[in-house]
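See structure below.
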Amino acid sequence: MSHRTGTALAAGAVTAIAFKVVVTVVPRPAPDVVWVITSSAIGLSFLAAGIAAWRRWPATRLCWLFSIAGYLWLLPNVGYLPYALTFTFAGLIVNAYTAALAHLALAWPTGRLRSPFERWLVVVLYGWNIGLSLGTAFFAPGCRTGCPSSLLLIHPSAAINDAIDAWSVPGSVLLTATVLAVVVRHWQQARGWSRHVLTPLVWIATAVVALSVVQTLNMNLTLPFSQFAIDDVAPLILILGPAMFVISTVLARTARGAVGAAIVDLEPGSSPGRLRDALALAVGDSTLQLAFRQPDGGFVDTTGQRLNPASPGRGRATTPLAGPDEAVLIHDETLAHEPQLVRLTASAASLALEHSRLQAEVQAQLEQVRASRARIVEAGDSERRRLERDLHDGAQQRLVTLSLALAMARDLAAKAEPGLGALIESASKEAREALTELRELARGIHPAVLTQAGLAGAIQALAERSPVPTTIAEVPRQRFPAAIEATAYFVVSEALANVAKHSQASSALVAVRTPPGRLVVTVSDDGAGGAAPGDGSGLRGLGDRVAAAGGVLCISSPPGSGTRLEADIPCP
Amino acid sequence: MEPSAAILIVDDHDGFRAFARAMLEAAGFTVAEASTGAEATTAAAAVRPRLVLLDIQLPDSDGFEVARRLSAQADSPVVVLTSTREASDYGGRIASSPAAAFLPKDQLSGAALRRFLPQDPG
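One line per chain: the protein sequences are P and D, in this order.
Numbering of the first sequence is given in this note's numbering, commencing with residue 7 and proceeding in unit increments.
Numbering of the second sequence is given in this note's numbering, commencing with residue 924 and proceeding in unit increments.
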């Protein structure tokens, strides 16, 4: 639809307003005020809905159907003018708006009638209404308020006119019921977005039909409603149609917002299935499918079903997504009438998929970094073990042998040369001290006791060497993977070293617990507290070491209340 | 292996064995040597030493396992574990082994070993 269409619709609406003013002001006596307001509101609401339809669904004919209904509602007002010609014309089209409303309902939401039957039905509806009006024009005896006579009047006869009214009732009821039945059938057959936009129509059509039935019966029977209520107020129910459309337009804007919100609300790394569900809910199309190209060239949706985007099925349409995933959205074809919503949905889906892909990449890289960090720590531990063993097998052995040799030399020299014996004893002492220092160095590089006796023995050794009296509350005797034992050992070692250096504690407590899948090491003291994780490189390094094993290091050290350090390490 | 040997030195380090042998022989002991756990078991059965000075770190098995095997023999010898490391480097393993004592290598002497043989100083 072109911009010219919009201009024409707007011009038509302005003209209709001017027309309504003329037919209100000119007639004497003036029309009833309530009716003027009611009829103006109804007619103009349809014209406004026509303009809204042109803006929202420019590819459909709904704008014309709304506008025609509005014109056919307003045009009979020309009958208020004091001219026989206008009076006769108004009489012919006085009920044509009901056919226009039925046409609109049958063509909803695309503006096109779905079958030859429906096209015939619409023709019959227009013909039936105009035909009945012709009958009235031929035989109605005229009104009591001094209105002009119909130019088509053949034989004024109240009896014939009443007979036409009475006999028209079954036909009108049949046609109305048929229209309602077709609309309900449309709703039943609709899926996804179509059903979403058809649901309010069913309710409105039911209400309008009810009004029509009441008005028809009121012409022929005595109903307990006032004429004013039925003829002047009840027609306001017709505004429901345009109002529904305006509301659904607002909801469509809300749907576009909902798509954005759905993407924002998606948890990071959500599955494509979750993405589909969120989008389907946001756009109101429960049949929405999200499908991905497979290595074999085919497509599979989020439930694992294979499908062909090139032929998505009757009433379905395919929208490709941008990005490297070669994904497509398959949705109700009528959703194409909301092009902005489809574009936004496709963009949102592409964005979410790209986000998931990037997150998966980052996650994979993070896993690689974690694994690499763990390998680096293990390699470091392995190298420390090798160094300690080399010192033990090499330098320490040689120093031991040297000590023994010096001891023998001292014994031999002492008998012959006491001075030499004393000198050798001095050398022997130096050798023993060198050996002691080398042992400490080797132990610092890697504790042999950890390899020899496991965590229980190693922690026992640490507790025994600690200058602050240390109690071991519990330590499992079992062996754990070397990397975990080493991490737990260094936690206890560093913590007890800190207790000795900084805490001014009188005692310390060590516990190692093994809840399912974890190893929890706790070292606490009764010292001054006030330690922070960032204090010194020791605790920071320890935190890194625990993190490398996939664990967490927590330090609680309120001033004056001691320090509690806990390492929670995953343990298979 | 001398049938009358009183002490069996089990250590894979040649230099240590040589100096230990010299030191202990100078102290009056008869000494035999083995460099692996398997040799130690065989030598102990053949030589029947009064005392075995057993290095914990051996190439084919550790000293604790060899101590268990030696203790299982009839008329088992006194086993003294030794190492360049300290006893604390082995946690509670020394205490739970059948060995009679632990002697750091650098503290080896005839007098030190004689303390573990109170019944027969020679």
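Ideal placement from N, C-alpha and C gives every residue a C-beta, glycine not left out.
Computed from a prediction, not measured in an experiment: that's the story for all the values here.
Check                                                                                                                       : Outcome
Integer Cβ distance of L444/P from L405/P, believed to fall under 8 Å                                                       : 6 Å
P926/D classed as buried or exposed, judged by whether at least 16 other C-beta atoms fall within 10 angstroms              : Because P926/D sits at a pLDDT of 39, beneath the cut-off of 50, its placement in the model cannot be relied upon, and the point is left open.
A36/P versus G49/P, V219/P, L53/P, Y86/P, residue with shortest Cα-Cα distance                                              : Y86/P
Where T104/P sits in the DSSP three-state scheme                                                                            : helix
Proximal residues of chain P, C-beta to C-beta of S1032/D below 8 Å                                                         : A413
Exposure label - C577/P; buried when at least 16 CB within 10 Å                                                             : buried
Sufficient close CB pairs (3 or more, under 8 Å) joining the segment 1019-1038 of chain D to the segment 470-481 of chain P : no
Buried or exposed (CB count within 10 angstroms, at least 16 for buried), E373/P                                            : exposed
Proximal residues of chain P, C-beta to C-beta of F939/D below 9 Å                                                          : Q403, V406, T407, L410
Per-residue burial, W70/P [other beta carbons within 10 Å of its own, 16 or more giving buried]                             : buried
Buried/exposed call for V954/D, threshold 16 Cβ in 10 Å                                                                     : buried
Alpha helix (DSSP H) segments (min. 4 residues) lying fully within the segment 345-416 of chain P                           : 345-397
Contact belief for R570/P with S562/P at Cβ below 8 Å, rounded distance in angstroms                                        : 5 Å
Within 8 Å of chain D by C-beta, residues of the segment 459-481 of chain P in sequence order                               : A459, G460, A462, G463, A464, Q466, A467, E470, R471
Beta carbon proximity, D1029/D to chain P, threshold 8 Å                                                                    : yes
Cutoff 8 Å: V455/P Cβ touching any chain D Cβ                                                                               : yes
Any 3 or more C-beta pairs closer than 8 Å across the segment 87-99 of chain P and the segment 109-126 of chain P           : no
Residue environment, H9/P, which counts as buried when at least 16 other CB atoms sit within 10 Å                           : exposed
Any C-beta of chain P under 8 Å from that of G951/D                                                                         : no
Whether T104/P touches S276/P by CB criterion (8 Å)                                                                         : no
Straight-line gap, E988/D to A1034/D (C-alpha atoms, nearest Å)                                                             : 27 Å
CB contact check: L393/P to chain D, cutoff 8 Å                                                                             : no
Where S1032/D falls: helix, strand or coil (DSSP)                                                                           : coil
Three-state secondary structure assigned by DSSP to V128/P                                                                  : helix
Assigned secondary structure, I451/P (DSSP; H/G/I helix, E/B strand, else coil)                                             : helix
Through-space distance from I451/P to A437/P, alpha-carbon basis                                                            : 21 Å
Among T30/P, L53/P, S45/P, V32/P, the one whose alpha carbon lies nearest that of A14/P                                     : L53/P
Nearest residue (CA-CA) to L447/P, options L1040/D, A949/D, R1008/D                                                         : R1008/D
Chain-ordered neighbours of T1007/D on chain P, where CB pairs are closer than 7 Å                                          : H398, Q402, Q403, V406
Near-chain D residues of the segment 435-447 of chain P - C-beta to any C-beta below 7 Å                                    : R438, L441, R445
R524/P - partner residues in DSSP beta bridges                                                                              : P576/P
Residues that DSSP places opposite A1022/D in a beta bridge                                                                 : In the DSSP output, where bridge partners are listed per residue, A1022/D has none listed.
Helix, strand or coil at P82/P [DSSP, three-state]                                                                          : helix
Where H109/P sits in the DSSP three-state scheme                                                                            : helix
Residue burial classification, W126/P (beta-carbon count within 10 angstroms, cutoff 16)                                    : exposed
S1011/D burial status per 10 Å Cβ neighbour count (16 or more: buried)                                                      : buried
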